[in-house]
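Student: Below is the structure I would like to discuss, written out as structure tokens.
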Amino acid sequence: MASPTEETRKKRKTTGDTTSAGPSPTPSKSEPLLHHHSSADGDILLVSSNGTGFLIESYMLKAHSSVFRDMLSSNDLLPSHSSSPSERARLDLSGDTENAATVKTVLSILDDGLTLRALVDDLKSQSIPVLHNMLHFAQEWDMPFLSNHVQSILSKALQHPDDLIRQVAEERLSPGDIFILAARSEMPHLARLAVARMSYWFDESDRPEKGASPPIYTHWWHPGIKVGAASYPCIKPSAFAMIPNKYMWSLLESGHPTIDKSERGDEFLQSIDSHDYCFHGL
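Taken in order, the sequence shown gives residues 23 to 304; the numbers are from this note's numbering.
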């Protein structure tokens with residue numbers, strides 16, 4: 023993962039109406055509406071970019087994020103426990119991806135873990151956007167546990183085709199969606215699992231039976247290729263620009279009709295490795 027930017031390290035930290043860290047003094051802020059996920063023992067008020075507050079224990083942020091740990095440790099004396107959120111240390115998130123849905127899901131994972139089934143049941147059609155936001159959140163705030171957890175639950179779903187993806191998340195997740203998530207987060211092994219599950223128009227064994235329900239649109243993936251009466255999923259044109267070049271090139275190489283479907287994932291990973299070798303050398 024890339025190192026957090028200096029801008030990230032300068033996220034505003036305030037105690038009540040007094041600025042205690044940050045690039046410059048900020049005007050006083052109204053007390054945000056607290057999310058029900060908040061902890062009664064919280065000593066930090068974490069405010070999402072769309073203005074929802076979460077009371078959380080500072081030790082949890084310190085344990086999972088080196089950036090949060092540095093920020094909170096730089097304050098010699100954090101406020102003692104108080105019944106008023108405005109008297110606690112306050113951290114304001116400003117990124118578009120740091121909204122309430124993302125923060126709530128991040129905290130759920132840090133608290134007690136979160137299964138893919140529970141995540142999709144809660145977020146429904148927003149599952150992929152929030153997963154994408156969480157991977158960005160993990161990179162920006164240096165939270166390896168968070169990114170590893172997301173990668174783990176998606177990998178398990180792809181490795182067990184009769185489990186979560188098919189039974190719970192078919193309308194909201196697809197191997198193609200997971201491939202784009204993996205590509206944008208530099209997770210080649212997760213991308214390999216997704217490639218091994220993706221269908222191409224020339225995959226005879228994947229052709230739906232006559233009268234079968236048409237494929238369902240997902241976040242980035244939709245039925246866009248027709249061969250006779252059958253439809254096969256493909257990536258929306260707008261999603262192509264989101265995929266790093268080496269992942270797209272390797273996807274195209276591994277999807278050649280001469281490559282057996284059972285070997286597609288391994289071919290993809292070999293192509294990724296070859297690309298890295300050519301551009302970076304030994």
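Ideal Cβ placement from N, Cα and C applies to all residues, glycine included.
Would you kindly check if the distance between the Cβ of S130 and the Cβ of S71 is under 8 Å?
Tutor: No, they are not a contact pair.
Student: Can L203 and H154 be called in contact, C-beta distance under 8 Å?
Tutor: In this structure, H154 lies closer than 8 Å to L203 by Cβ.
Student: Is DSSP giving R214 helix, strand or coil here?
Tutor: In the structure shown, R214 sits in a helix (DSSP, three-state: H, G or I).
Student: Where does T119 sit, in a helix, a strand or coil, going by DSSP?
Tutor: The answer is coil: DSSP assigns T119 none of H, G, I, E or B.
Student: Exposed or buried, R286, counting other C-beta atoms within 10 Å across all chains shown (16 or more means buried)?
Tutor: So R286 ends up on the buried side.
Student: So which of K178, I175 and E275 has the shortest CA-CA distance to Y222?
Tutor: It is E275.
Student: Tell me the rounded alpha-carbon separation between Q148 and R112.
Tutor: Their backbone Cα atoms lie some 27 Å apart in a straight line.
Student: Please list, in chain order, all residues of the same chain as S88 whose beta carbon is under 6 Å from its beta carbon, the five residues on each side excluded.
Tutor: Excluding positions up to five away in sequence, the list reads D164.
Student: For S80 and L94, what's the separation of their Cα atoms in angstroms?
Tutor: About 8 Å.
Student: Report the rounded CA-to-CA distance for G64 versus P151, giving the unit in angstroms.
Tutor: Each residue's alpha carbon lies about 28 Å from the other.
Student: Got a sec, what are the start and stop residues for the alpha helix (DSSP H) G198 sits in?
Tutor: Here the alpha helix (DSSP H) through G198 covers P197 to R206.
Student: Less than 6 Å between C-beta atoms, sequence neighbours within five positions excluded: which residues of the same chain meet that for G277?
Tutor: Result list for G277: Y222, in chain order.
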